[in-house]
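One structure below.
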Amino acid sequence: MSEASYAPAPRCKPCHAKAYEVWRKSAHARAANAIGACTAQVSRFSTL
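Under our numbering, the sequence shown has 16 at position 33, and the numbering climbs by one with no breaks.
This is how it looks when you write it as structure tokens:
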């Protein structure tokens, strides 16, 4: 299934507010962020 087949996460919030808030505060919510959004974390490992 392609990424385009999934609704964006905020669309789930009106019906699933509690689950959405748990997800939003988790690392899973940031798993698909662009690498540029995590530059500080990436730089910690760039010299290994």
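All C-beta atoms in this analysis are idealised placements derived from N, C-alpha and C, irrespective of residue type, glycine included. Keep in mind the model is a prediction, meaning the values are calculated, not measured.
Of all the CB atoms in chain D, is at least one closer than 8 Å to the CB of residue -5? Although the question refers to chain D, the structure presented lacks it and comprises just one protein chain.
Which of the three DSSP states, helix, strand or coil, is assigned to residue -5? helix
Within a Cβ cutoff of 6 Å, which residues of the same chain sit near residue 12, ignoring the five residues on either side of it in sequence? 6
Rounded to the nearest angstrom, what separates residue -12 and residue -5 at their Cα positions? 14 Å
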